[in-house]
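Beneath this line is the structure, given in structure tokens, with notes to follow.
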Amino acid sequence: MNLEVNVGGLKLKNPVMTASGTFGYGEEYAEFVDLNRLGAVVVKGLSLKPKEGNPPPRVVETASGMLNAIGLQNIGIERFIGEKLPFLRRFDTAVIVNFFGDSVDEYAEAAERLSATEGIHGLEMNISCPNKQAGWCIFGTDPKVTTRVVGAVRKKTALPLIVKLSPNVTDISLMARVAMEAGADAVSLINTITGMAIDIKTRRPRLANITGGLSGPAVKPIAVRMVYEVYRSLKIPIIGMGGIMNAGDAIEFLIAGASAVAVGTANFVNPRATTEIIDGIIDYMEKEGIGDIGSITGTVHAG
Amino acid sequence: MEEPHPGQFYMLEVSKGMDPLLKRAFSLFRRTPEGIQILFRIKGKGTSILRDLKEGAEITVLGPLGNGYPLPSDKESPLVIAGGIGIASVFSLAEKISKKAFVFYGARTEQELFVTGELEKIYKELVVCTDDGSCGVKGTVVDAVNDFVRNRDGIHQPVIYACGPNVMLREIAKTAAANGISAYVSLEEHMACGIGACLGCVVKTKTGYKRVCKEGPVFDAAEIVWKP
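If you read the sequences in order, they're chains A and B.
Under the numbering used here, the residue at position 263 of the first sequence is numbered 263, and the numbers go up by one with no gaps.
Under the numbering used here, the residue at position 170 of the second sequence is numbered 1170, and the numbers go up by one with no gaps.
Right under this line is the structure:
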């Protein structure tokens, strides 16, 4: 049985990764999960300088999901390299660094710094976080800006480059095409969907940031549809994510067109979700007589 | 089972389905020979589900989590202060240091005071107060603590442990600072994972945001940047 997948040049021992921002820097989960078993660990999004993040409340639960407005709090690239990466390097799993910047130059500089560091197997560009009202959030919604920022990063890195797409656009296939033409090796989708919740007693938003990103099972049908559309129009390597709670959900994304999947909010609900999903995929392959997990990618499009 | 420390908490699964989705955080109330006890007030969907659990029902529980209260030294006189359901967090501490604990327990009204019978067995001194005077002293627990601190000489090295509404904790922090008393407060914030990954449950401190689930839930009151 072959669980290995190749996503745009990124070789993974199995198709199950962690979604950025839901797995810390890996060590938070090490007492629950054997990190060696994961296809990849995608770390919490990093910027050149540390970021403080948004004031609380930052999270609120909604029907079958949650809104978050963490505000990209992170320790910065240098501290990550010095304090967190050495721990991750002890494991036999791919380390993918999610990163973002406030300008095209910052993106490029971050990519350059990360690419010069041993022990990082791939980069994932966040061009889609919906938590900021202004500035860089347009990177992921304006095709021209996307072209520029992805192109600038591409020049600075030889590592497999994944661009994480925002669902808060009219045509996600267009954004995927733009990212690929600018040099991305793969796309990951979807990031959270901008949402809002209001406390009817105080008549105030439940999040201090007013709006936040919706994740969890509530968004899964939207995410599956978007993976389906991007695969149908482009046939490019896709990492599918959005509300994956169990192996069945993960397999749904693969069939829709994903070559790998990322588990996000499920880690908060059950810290062992990732390895349970890997076990479930193996189980499915045995029952269905599937020899190679890659063979089911995009099979919904057949016939 | 890992032995819990007073002030630590657990994440309880409230549903096997997708709604409610996240686990819910509850303080350790008591460690008993059989296991642990949780004390909660029915507030929303999650706590209603917990109330309706049948005896023998199985749920997944994560914990103990967080740091817990630092225990007082032999020389210190602990003042244990609870507002409403905040008693759930400080009860096991009061129990552990029962011989020397000065306990202050306040609520809006008598109906919102829990486990007072249990408390009577473990205090050195107990002051109960209610906003409406329906039980104990009429007034807030903050008033009671202020009176105590002002009027009692001979209390050696008082140290405060408190859990309750944010406004109460903020006022207790002021009292502590004004009188040069160390104070440890247990804080609450919306939580998703409980293990330090999501960065959802932060509080503002003088050295930046800190996670209630990991660096807390117990903080030195002097470290917190209180909301006005």
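Every residue gets a Cβ at the ideal spot worked out from N, C-alpha and C, and that includes glycine.
- prompt: Ordered along the chain, which non-local residues of its own chain (more than five positions away) have a Cβ less than 6 Å from that of A/Lys-84?
  reply: Excluding the 5 residues flanking it on each side, A/Lys-84 has same chain C-beta neighbours closer than 6 Å at Tyr-25, in chain order.
- prompt: Considering only residues of the same chain and omitting the five flanking positions on each side of A/Pro-217, which have a CB-CB separation below 7 Å?
  reply: Ser-64, Gly-65, Gly-243, Met-245
field: According to DSSP, residues forming a beta bridge with A/Arg-90
entry: According to DSSP, A/Arg-90 bridges with nothing at all.
message: Does the region 213-228 of chain A come into contact with the region 76-94 of chain A, if we say contact requires no fewer than three beta-carbon pairs (one atom in each stretch) closer than 8 Å?
response: These segments do not touch.
message: Could you compute how far the alpha carbon of A/Val-145 sits from the alpha carbon of A/Ala-19?
response: 24 Å
Rounded separation between A/Ile-198 and A/Leu-46 - CA only: 30 Å
message: Please classify B/Met-1011 as buried or exposed, where buried requires at least 16 other C-beta atoms within 10 Å of its C-beta.
response: buried
query: In three-state DSSP terms, what is A/Ala-186?
result: strand
- prompt: Quick one, which of A/Lys-155, A/Arg-148, A/Pro-15, A/Val-95 has its alpha-carbon nearest A/Ala-111's?
  reply: Residue nearest to A/Ala-111 within the set A/Lys-155, A/Arg-148, A/Pro-15, A/Val-95 is A/Lys-155 (criterion: CA-CA distance).
task: List the residues of chain B whose Cβ lies closer than 8 Å to the Cβ of A/Asn-267, in chain order.
output: Cys-1193, Ala-1197
Cβ of A/Ala-63 within 7 Å of any chain B Cβ: yes
message: Please return the same chain residues whose Cβ sits closer than 7 Å to the Cβ of A/Ala-250, not counting the five positions on each side in sequence.
response: Here the set comprises Val-16, Ile-244, Val-261, Ile-277, Ile-281.
message: Quick test of the definition: if touching needs 3 or more C-beta pairs under 8 Å, does the region 1087-1096 of chain B touch the region 1039-1053 of chain B?
response: With the cut-off at 8 Å, the region 1087-1096 of chain B and the region 1039-1053 of chain B touch.
message: At the level of alpha carbons, what is the spacing between A/Arg-206 and A/Met-1?
response: Pairing A/Arg-206 with A/Met-1, the inter-Cα distance amounts to about 47 Å.
task: Just grab the DSSP bridge partners of A/Val-43 for me.
output: A/Val-97
- prompt: In terms of residue numbering, what span does the beta strand (DSSP E) encompassing A/Ala-262 cover?
  reply: 260-263
Sequence ranges, beta strand (DSSP E) only - wholly within the region 1085-1162 of chain B, length at least 3: The region 1085-1162 of chain B is shown to contain whole beta strand (DSSP E) runs of 3 or more residues at 1102-1107, 1125-1130, in chain order.
message: Taking contact to mean 3 or more Cβ pairs, one atom from each stretch, closer than 8 Å, check whether the region 51-58 of chain A and the region 287-303 of chain A are in contact.
response: With a cut-off of 8 Å, the region 287-303 of chain A and the region 51-58 of chain A do not count as touching, because too few Cβ pairs lie within range.
In chain order, each alpha helix (DSSP H) run of at least 4 residues that lies wholly inside the region 11-90 of chain A: 85-88
field: Contacting positions in the region 268-296 of chain A - beta carbon closer than 9 Å to chain B
entry: For the region 268-296 of chain A, the beta-carbon criterion of a distance under 9 Å to any beta-carbon of chain B is satisfied by Phe-268, Val-269, Asn-270, Pro-271.
field: Min CB distance A/Ile-96 to chain B below 7 Å
entry: no
message: So for A/Lys-164, helix, strand or coil by DSSP?
response: strand
task: Could you name the residues of the region 1198-1228 of chain B whose beta carbon sits closer than 8 Å to any beta carbon of chain A, in the order they occur along the chain?
output: Cys-1198, Leu-1199, Gly-1200, Cys-1201, Val-1202, Val-1203, Lys-1204, Gly-1208, Tyr-1209
query: Hey, would you say A/Pro-56 sits closer than 7 Å to B/Glu-1189, going by beta carbons?
result: yes
- prompt: Do A/Val-163 and A/Tyr-107 have their C-beta atoms within less than 7 Å of each other?
  reply: no
- prompt: Could you check where the beta strand (DSSP E) with A/Met-125 kicks off and where it finishes?
  reply: 122-126
task: State buried or exposed for B/Gln-1270, treating a residue as buried only when at least 16 other CB atoms are found within 10 Å of its CB.
output: Residue 1270 of chain B lies beyond the stretch modelled for chain B, which goes from 1001 to 1228, so this question has no answer here.
- prompt: Name the residues in the region 1151-1170 of chain B whose C-beta lies less than 8 Å from a C-beta of chain A; which are they?
  reply: none
query: In terms of DSSP beta bridges, what is B/Tyr-1209 paired with?
result: Here B/Tyr-1209 is bridged, per DSSP, to B/Lys-1204.
message: Just to confirm my understanding: we take A/Ile-172, look at its own chain, exclude 5 residues before and 5 after, and list those with CB closer than 7 Å. What are they?
response: Result list for A/Ile-172: Leu-165, Leu-189, Met-226, Glu-229, Val-230, in chain order.
query: Looking at the unbroken alpha helix (DSSP H) that takes in B/Gly-1063, where does it start and where does it end?
result: For B/Gly-1063, there is no enclosing alpha helix (DSSP H); the residue is found in the beta strand (DSSP E) stretching over 1061-1065.
Under the three-state DSSP convention, the category A/Ile-290 falls into: coil
field: Pick from A/Gly-240, A/Val-178, A/Gly-101 that is closest to A/Pro-143, judged by C-alpha positions
entry: A/Val-178
field: Element boundaries [alpha helix (DSSP H), containing B/Val-941]
entry: With chain B represented from 1001 up to 1228, any question about residue 941 of chain B goes unanswered, as that position is not in the structure.
- prompt: Looking at A/Gly-8 and A/Asp-292, is the spacing between their C-beta atoms short of 7 Å?
  reply: no
- request: Just the chain B side, please: which residues come within less than 8 Å of A/Asn-68 by C-beta, in chain order?
  value: Here the neighbours are Ala-1192, Cys-1198, Gly-1200.
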